[in-house]
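For what it's worth, my numbering labels the leading residue of the sequence shown as 229, then goes sequentially. Some notes on the structure that comes next.
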Amino acid sequence: MKRMLSGIKPSGQLTLGNYIGALREFVKYQNDYEMIVFIANLHTLTVYQDPQELSTNLRDTIALYLACGLDPKRSTIFMQSDVMQHAQLGFILSCNTYMGELNRMTQYKDKLAKGEESMTSGFYVYPTLMAADILIYDPAFVPVGEDQKQHVELTRDVAIRFNNRYGETFKIPQPLIPKVGARVMSLSDPTKKMSKSDALDKGCIYLLDTPEAARKKVMSAVTDTLGKIAFDPVNQPGIANLLQIHSALSGRSIEDLVREFDGQGYGTFKKAVAEEVVNLLNTLQARYRDIMDQGILDQVLSEGAAKARIMAEAKLQDVQRKIGLTIDATQ
Ligand code: ATP
Ligand code: LTN
Numbered sequence: 229m230k231r232m233l234s235g236i237k238p239s240g241q242l243t244l245g246n247y248i249g250a251l252r253e254f255v256k257y258q259n260d261y262e263m264i265v266f267i268a269n270l271h272t273l274t275v276y277q278d279p280q281e282l283s284t285n286l287r288d289t290i291a292l293y294l295a296c297g298l299d300p301k302r303s304t305i306f307m308q309s310d311v312m313q314h315a316q317l318g319f320i321l322s323c324n325t326y327m328g329e330l331n332r333m334t335q336y337k338d339k340l341a342k343g344e345e346s347m348t349s350g351f352y353v354y355p356t357l358m359a360a361d362i363l364i365y366d367p368a369f370v371p372v373g374e375d376q377k378q379h380v381e382l383t384r385d386v387a388i389r390f391n392n393r394y395g396e397t398f399k400i401p402q403p404l405i406p407k408v409g410a411r412v413m414s415l416s417d418p419t420k421k422m423s424k425s426d427a428l429d430k431g432c433i434y435l436l437d438t439p440e441a442a443r444k445k446v447m448s449a450v451t452d453t454l455g456k457i458a459f460d461p462v463n464q465p466g467i468a469n470l471l472q473i474h475s476a477l478s479g480r481s482i483e484d485l486v487r488e489f490d491g492q493g494y495g496t497f498k499k500a501v502a503e504e505v506v507n508l509l510n511t512l513q514a515r516y517r518d519i520m521d522q523g524i525l526d527q528v529l530s531e532g533a534a535k536a537r538i539m540a541e542a543k544l545q546d547v548q549r550k551i552g553l554t555i556d557a558t559q
């Protein structure tokens, strides 16, 4: 079975976009791949986090992963900071990465261009920690959003450079970018991605929103004045987004939905979308509460970390021997 790895940065509460675009996909991948999924908690520190809030986000993220169907028996699920080998390999890889390469990272360039004053050095080097997160497990595939593709490409470059310098050590991973359809848009501005760090949370459905709050958000989703239900993302981005959400959750095709709802008015259609969203939230939240009541998070995380540590330690030892950091390299 090929190995697949992904990390999620718990920098906020998970959204319907995260569910449709990432979580649900990971759950499906479990059938065909050996999955390694971790909570990239160190990565959140690149910008200041309120400790209480961070801790809550960590707990909710992991509980929601399990609620969505990620199975700790089949997948390795853990917290990044519990496997300290990531940070150690991260430093070694930062010494095999040039500042010129980090200067070309779009996220860094964007912040620089915006004149951001409090950029941390951790933010600058975080792509090398991400490279370590990946390379330490030799995955074949890394599913990420479009914005992270450049980091996986850097990871590949660093791995190739390391292999050339020190001998075959790392497997070269492939990024796996979701299809265009896997982009849930904001309900208040359907030309923008639904984003967990969106200040205006009217456009964003959080997986832990109360079903009533979520229903209201869907009912007040921005649409248009054309008054017809058709899939036209350019002229009717709001309706197209709602059609995609309905289709993703109900499993029905967009054509089928257009056939059923065209001519019925936006209100009726929105009610149907809201119903799908509310059903999902009810199911997920019941499982979430169950998981919290069982108090299994600590055990899941410590078992996951123990499995991950064995793989990570073997790779780190190999790397350290190859670069001459250990005395047995002379033998
Ligand atoms: P931020 O809004 O803070 O950038 P995000 O929710 O986009 O956060 P990530 O942690 O990068 O943050 O996303 C985790 C995963 O969820 C990624 O694989 C990403 O592609 C997916 N994802 C995020 N938002 C959406 C969305 N609106 N539609 C589909 N997939 C999404
Ligand atoms: N940088 C990513 C999260 C992340 C990740 C990873 C994703 C950290 N390490 C390794 C895939 C593989 C983010 O900001 N979303």
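C-beta atoms are modelled at their ideal positions from N, C-alpha and C, and glycine is treated no differently.
Residue i burial status per 10 Å Cβ neighbour count (16 or more: buried)
i: Val560; result: Any property of residue 560 remains undetermined from this structure, which presents the chain solely from 229 to 559.
i: Ser349; result: exposed
i: Phe319; result: exposed
i: Lys256; result: exposed
i: Gly249; result: buried
i: Asp429; result: buried
i: Tyr276; result: exposed
i: Thr334; result: exposed
i: Ala341; result: exposed
i: Tyr561; result: Outside the displayed range of the chain (229 to 559) lies residue 561, so it cannot be described from this structure.
i: Gln313; result: buried
Residue i CB to nearest heavy atom of ligand 1 below 8 angstroms
i: Ile236; result: yes
i: Asn331; result: no
i: Lys301; result: no
i: Ser239; result: yes
Alpha carbon of residue i to alpha carbon of residue j, nearest angstrom
i: Pro279; j: Met347; result: 19 angstroms
i: Arg287; j: Leu244; result: 18 angstroms
i: Lys407; j: Ile555; result: 48 angstroms
i: Val450; j: Asp417; result: 7 angstroms
i: Asp299; j: Tyr293; result: 9 angstroms
i: Gln297; j: Gln472; result: The question names Gln, yet the displayed sequence has Gly at residue 297. Cα to Cα, the separation comes out at about 22 angstroms.
i: Asp452; j: Leu435; result: 26 angstroms
i: Leu485; j: Asn469; result: 13 angstroms
i: Lys337; j: Leu415; result: 29 angstroms
i: Lys421; j: Met413; result: 4 angstroms
i: Tyr352; j: Thr274; result: 8 angstroms
i: Arg411; j: Gly552; result: 45 angstroms
i: Val501; j: Ala458; result: 15 angstroms
i: Val311; j: Tyr354; result: 16 angstroms
i: Ala540; j: Ala360; result: 10 angstroms
i: Lys237; j: Asn285; result: 10 angstroms
i: Ser488; j: Asp521; result: Strictly speaking, residue 488 in this sequence is Glu, with Ser absent from that position. Approximately 41 angstroms, taken between the alpha carbons.
i: Leu317; j: Tyr394; result: 15 angstroms
i: Lys230; j: Gln378; result: 23 angstroms
i: Tyr261; j: Phe254; result: 10 angstroms
i: Val446; j: Arg252; result: 21 angstroms
i: Ala519; j: Leu525; result: A small fix is needed here, since residue 519 is Ile in this sequence, not Ala. Approximately 8 angstroms between the Cα atoms of the pair.
Integer-rounded CB distance, given that residue j should sit under 8 angstroms from residue i
i: Pro403; j: Ser234; result: Actually they are not in contact, since the Cβ atoms of Pro403 and Ser234 sit about 10 angstroms apart, beyond 8 angstroms.
i: Tyr516; j: Ala291; result: 5 angstroms
i: Pro465; j: Thr397; result: At roughly 46 angstroms, the Cβ-Cβ gap does not stay under 8 angstroms, so Pro465 and Thr397 are not in contact.
i: Ser322; j: Thr356; result: 4 angstroms
Any non-hydrogen atom of ligand 2 within 8 angstroms of residue i CB
i: Glu373; result: Looking at the sequence itself, residue 373 is Gly, so the reference to Glu does not match. Because some heavy atom of ligand 2 lies under 8 angstroms away, the Cβ of Gly373 counts as near it: yes.
i: His271; result: yes
i: Asp361; result: yes
i: Met358; result: yes
i: Gln376; result: yes
i: Leu553; result: no
i: Ala268; result: yes
Closer than 8 angstroms: residue i CB and nearest ligand 3 heavy atom
i: Ala442; result: Absence of ligand 3 from the depicted structure is noted, with ligand 1 and ligand 2 being the only ligands included.
Cβ contact (3+ pairs, closer than 8 angstroms) linking the region 266–284 and the region 293–311
yes
Counting beta carbon pairs with one atom in the region 524–532 and one in the region 491–507, are three or more of them shorter than 8 angstroms?
no
Validate contact between the region 372–384 and the region 432–444 using beta carbons, cut 8 angstroms, 3 pairs:
no
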